[in-house]
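Structure first, then comments.
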Amino acid sequence: MLQPLFANFTSEFLKNVRLRIGIWLIIALLLSYLVTLFSDYQQQLQENYGGVLNRLAQLQTLAQQTEWGDRANQAKVLRNQLEMRLWQAETKGLAQATVQKWLSGEVERIKFEQPYLQVEAATESLKYPGLWVVAARLDATFESQSFESLLLAIVQYPLMTVTERLEIRQIGFSVPKFTLILSAYFTAQTP
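So for the sequence shown, this note's numbering puts the first residue at 28; every next one is plus one.
Written out as structure tokens, the structure is:
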């Protein structure tokens, strides 16, 4: 069944010049496509090989360094310093109460006009397990001296408190107000 088709194709191929040219063009296109594919593949392999060689050189350089013990000790010292700056509480409720007490004391000491303080419940940090975050929001009338005193108290406080957002606004001719959102970071203190 295939033999008559092949014989028919062969005779047509020999007789028809356009068919021969078309088939040779198709073969040339397929060969050029294969050459292009192999060239792209070779280029990709060379890039991968170069990247692996660079990474190997970096690893060899790191392996030859001898200061790893010193670096580990420095990292431990830095970690201990940072951990000493974290607030500590036995429970999340006590963490919230501690921030409430500290911030309320600062607001009373500075004597803000119309203060509104809201301290949220402590939440577990998504990035660092075992670390609690207590967010607090303070809204009050803006007076530059009082406000500077508050910022100074926050900056000088030895425990880690981060200012997340500060907004000072004045609508029309009204008295300027500010909103300050803070976060305090706690670790669980064993009783």
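From the three backbone atoms N, C-alpha and C, an ideal C-beta is built for every residue, glycine too. Model, not experiment: these values are computed from the prediction.
Mapping DSSP to helix, strand and coil, what is residue i?
i	result
Gln69	helix
Lys204	strand
Thr93	coil
Ile181	helix
Phe36	helix
Tyr155	coil
Ala102	helix
Phe169	coil
Ala149	coil
Arg45	helix
Glu140	coil
Gln115	strand
Taking residue i as part of the alpha helix (DSSP H), name the residues at either end of that continuous run.
i	result
Val134	119-137
Relative to the C-alpha of residue i, which candidate in the options has its C-alpha closest?
i	options	result
Leu165	Val146, Asp67, Gln172	Val146
Phe213	Gln70, Gln85, Pro156, Gln141	Pro156
Ser210	Arg47, Val126, Leu153, Ser171	Val126
Ala149	Pro142, Val160, Glu140, Gln141	Val160
Ser152	Lys119, Ser131, Pro142	Lys119
One question on the structure: do residue i and residue j come within less than 8 Å of each other, judged by their Cβ atoms?
i	j	result
Gln216	Glu117	yes
Lys128	Ala167	no
Ala163	Leu144	yes
Leu193	Leu207	yes
Trp114	Leu186	yes
Glu135	Ala180	no
Glu39	Leu32	no
Ile195	Phe169	yes
Ser171	Phe139	no
For the beta strand (DSSP E) containing residue i, name the first residue and the last one.
i	result
Leu193	188-196
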